[in-house]
Structures are given as C-alpha cells and as structure tokens.
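Structure, as structure tokens:
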Amino acid sequence: MSLSSILVEISRGDLTESIHRGNIAVCDHLGNLLYSAGNPYALTFMRSAAKPIQAIPLVESGAADYFGLNEQEIAVTCGSHTGEEQHVKAVSSILEKIGLTADDLQCGTHRPLNRRVAKEMLACGAAQSTLHNTCSGKHAGMLA
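Plus 7 on top of the position in the sequence shown (first one is 1) and you've got the numbering used here.
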C-alpha cells in the first residue's frame with residue numbers, strides 16, 4: 008500500500024508554506040473505485056468530519072426553519088466547537104427553541120477546549136456543562 012499523497016501545496020512566491028497530504032477514494036453507488044489519490048484503502052475515522060453530513064436532516068426536513076434556527080445555530084450543529092461563549096449561547100438557543108434544556112443532551116461534560124475559556128472558568132469557579140462539550144451543537148441539532 009502506498010502512503011498518502013500530496014493533495015495540496017501552498018506557496019508564497021518561491022517558498023512552500025505548507026503541504027497537505029491525504030487519501031481520496033471516489034466510488035460509485037455499488038462501491039466500485041472510480042478515482043483515487045494516495046491510498047484509497049486506508050482506514051480512517053470520520054468523527055467530526057461527519058457532522059456536516061449529520062446536520063443535513065435538520066435542514067432538509069424543515070426542522071431548522073420550523074424552529075427558526077439562525078445561521079450561527081445551524082453552523083454549531085455542523086462541527087465541533089471549543090466551548091466559547093458564542094458556542095454555548097448558540098447551543099442554548101437551539102435547545103430553548105425546541106423546548107429542551109442542557110439536561111437533555113447526552114454528550115457528556117468536559118472542560119472547554121479553548122484554553123483561555125477553560126482557565127477563566129477554573130479561576131472563577133464556574134461549572135462546566137454539557138454545553139461546553141465539543142459535540143453539544145451536533146446533539147442539539149439532532150434533537151431538533
């Protein structure tokens with residue numbers, strides 16, 4: 008099996024600023040490999056990369072419109088967040104609009120990934136909640 012391929016090379020003048028490697032596999036509806044770059048058989052875990060796909064039913068079903076979700080609220084359902092105030096507010100707003108609370112989230116609690124926010128919360132004794140979980144937006148969107 009070959010290693011990942013260089014997919015993107017970013018340059019500034021004659022200087023290479025960054026190189027991005029990866030593997031790509033494009034299959035048809037039967038699973039036949041049509042196109043590839045790098046190792047199309049490499050095992051990967053989608054994790055957070057699946058969040059935009061998982062948010063499709065929220066929009067396609069009309070739930071986002073029904074509950075009046077704004078762009079920030081839809082955005083927080085499509086990816087991981089770092090627990091900053093704007094993220095917590097967006098998730099809280101989604102839950103309020105759908106008639107639920109942070110207690111309805113089953114994503115667990117962890118401190119914010121944003122170091123500044125985590126330090127500030129620790130310094131003032133603020134409690135972390137499921138709203139600070141990187142996945143709380145996705146979970147709120149699924150509940151909607």
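For every residue, glycine included, the Cβ atom is placed at its ideal position computed from N, Cα and C.
Note that the structure is a prediction, hence the values are computed from the model and not measured.
- Just measuring C-alpha positions, the residue of L107, Q79, G148 and E91 sitting nearest E127 is E91.
- With contact defined as three or more Cβ pairs closer than 8 Å, the region 131-151 and the region 104-119 are in contact.
- Excluding the 5 residues flanking it on each side, S18 has same chain C-beta neighbours closer than 7 Å at E24, in chain order.
- Excluding sequence positions up to five before and after S11, its CB lies within less than 6 Å of the CB of R28, G29, N30 and G45, all in the same chain and listed in chain order.
- Ranked by Cα distance from K104, the options V83, V33, A147 and L50 are led by A147.
- DSSP places L120 outside both helix and strand once states are collapsed to three, so it counts as coil.
- The shortest CA-to-CA distance from A133 to any of K145, P119 and K96 is the one to P119.
- The shortest C-alpha to C-alpha distance from S99 to any of Y42, D21, G38 and L150 is the one to L150.
- In this structure, the CA atom of E80 is about 10 Å from the CA atom of Q93.
- Spanning the alpha carbons of G75 and L22 requires a straight line of approximately 47 Å.
- In chain order, V33, C34 and D35 place their CB closer than 7 Å to the CB of L41, counting only its own chain and leaving out the 5 sequence neighbours on each side.
- When DSSP states are grouped into helix, strand and coil, E16 belongs to the strand group.
- L22 is bridged by DSSP to R19.
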